[in-house]
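Colleague:
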Amino acid sequence: GPPLVFALQTRHFEGDRFRATINLTFALSNIVGLSLFVLDGKVTRDGLVAAAIALPAWAAGQALGWPIRKHVHGERFRWVVLTMLFAAGVSAIVFALT
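The opening position of the sequence shown corresponds to residue 46 in my numbering, with each subsequent residue numbered one higher.
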């Protein structure tokens with residue numbers, strides 16, 4: 046989440062390297078986490094239905110994000126990352142106060 050994004054941002058990775066690093070980290074984390082949930086019997090039918098319902102939103106995000114990434118690099122990439130981190134921080138504070 047945001048702490049990992051912040052840590053990667055401080056290393057001043059270029060956009061492609063940043064995305065590759067964070068994608069691999071989250072992919073491995075999700076594979077391990079999901080495997081542990083399956084082994085512990087925590088994966089339910091309701092959870093699978095919710096995941097299936099979320100698939101169109103995931104596909105839309107991929108379809109929109111893939112062509113946009115070519116235009117977000119250098120300082121613009123850094124600005125987008127910092128803006129998203131700020132928004133995540135504000136959201137966390139608002140959620141904590143309500």
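The beta carbon of each residue, even a glycine, is placed where N, CA and C say it ideally should be.
On a predicted model such as this, the values are computed, not experimentally measured, just so you know.
Can you give me the Cβ contacts of residue 70 inside the same chain, cut-off strictly under 7 Å, excluding the 5 residues immediately before and after it?
Modeller: So the qualifying residues of the chain are 49.
Colleague: Go through its chain and collect everything with a Cβ distance to residue 88's Cβ below 7 Å, but skip five positions before and after it.
Modeller: Result list for residue 88: 82, in chain order.
Colleague: If we ignore side chains and look at the alpha-carbon of each, how far apart do residue 108 and residue 101 end up?
Modeller: Cα to Cα, residue 108 sits roughly 10 Å from residue 101.
Colleague: Suppose you measure from the CA of residue 139 to the CA of residue 133; what does that come to, to the nearest Å?
Modeller: Answer to the nearest angstrom: the Cα atoms are 10 Å apart.
Colleague: Take the Cβ of residue 122 as the centre, count every other Cβ of all protein chains shown within 10 Å, and call the residue buried at 16 or more, exposed below.
Modeller: It is buried - the Cβ of residue 122 has at least 16 other Cβ atoms within 10 Å.
Colleague: Does the distance from the CB of residue 117 to the CB of residue 54 come in under 8 Å?
Modeller: No; because the gap between Cβ atoms is not below 8 Å, this pair is not in contact.
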